[in-house]
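Structure, as structure tokens:
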Ligand SMILES: [Mg+2]
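Rendered as structure tokens:
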């Protein structure tokens, strides 16, 4: 009997948003609502959604990731696109939409607790998510998943430098680390650049600013439920 693949790893990292639970759905529905709310105050021919994404892109370095940053970008884009004509009632609705998004219950993706239970039986698990500290903390606490993880990390950016610092703190060599996530840009490429391993589990929607062009050969699973078998569990 050969070596099981899970024996190659000392630590497995999991992304959270759209890997363990739904996230992009909330942004998409608020984005659609934004377009509906703003169109009456917009000149014909303006692509409202594209303008909002451009505002998010411009603000990312200053505001960081997450729902509250998205909210400020919505307000800014609403004022700019409407040339100041957007009424205060609409701004108020944007704030309420944001509160609803922040308070929405966590929706776990299928088989997540079972998969964590199984792959955590032989390997240390860590959760690595980026975004707003308050919102991510709330989601972790209410997800019922925290006990599966040795470390819960909320980071500003998922880049090579951040992963290098985390792996050093975990005391794991990069080639003994596997990261699992839905974003090639944030979860896979920076880990591979360090000499670590990645498994891409795509979600059916991806935020425009997470799209990336690359030539790397990347392991892709159709769902998290396939991870135990890929790792060599019966
Ligand atoms: Mg994600």
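Numbering (the numbering used here), first residue to last: 8 to 241. Idealized CB from N, CA, C, for every residue including glycine.
Terminal residues of the alpha helix (DSSP H) in which residue i lies
i	result
residue 104	95-110
residue 236	234-238
residue 167	167-177
residue 56	55-70
residue 85	74-88
residue 126	119-126
Bridge partners - residue i, DSSP secondary structure assignment
i	result
residue 136	161
residue 185	19 and 204
residue 146	Answer is none; residue 146 lacks a bridge partner.
residue 226	206
residue 115	28
Own chain partners of residue i with C-beta closer than 6 Å, once the 5 adjacent residues on each side are dropped
i	result
residue 210	25 and 189
residue 193	165
residue 185	16, 19 and 204
residue 161	136, 140 and 143
residue 58	84 and 88
residue 75	139
Cutoff 8 Å; reference residue i; Cβ partners in own chain excluding five residues on either side
i	result
residue 12	237, 238 and 239
residue 66	76, 79, 80 and 83
residue 97	44, 45, 48 and 85
Residues near residue i in its chain [Cβ-Cβ closer than 7 Å; skip 5 each side]
i	result
residue 108	33, 37 and 74
Residue i: CB within 6 Å of a non-hydrogen atom of ligand 3
i	result
residue 16	Although ligand 3 was asked about, the structure shown includes only ligand 1 as ligands.
At 4 residues or longer, and completely inside the region 10-53: list those alpha helix (DSSP H) runs for me, N to C. 31-45
Would you list the residues whose beta-carbon is nearer than 6 Å to any heavy atom of ligand 1, in the order they occur in the chain? Summarising the contact set, residues whose Cβ lies nearer than 6 Å to any heavy atom of ligand 1 are, in chain order, 22, 24, 25, 26, 188, 189 and 190.
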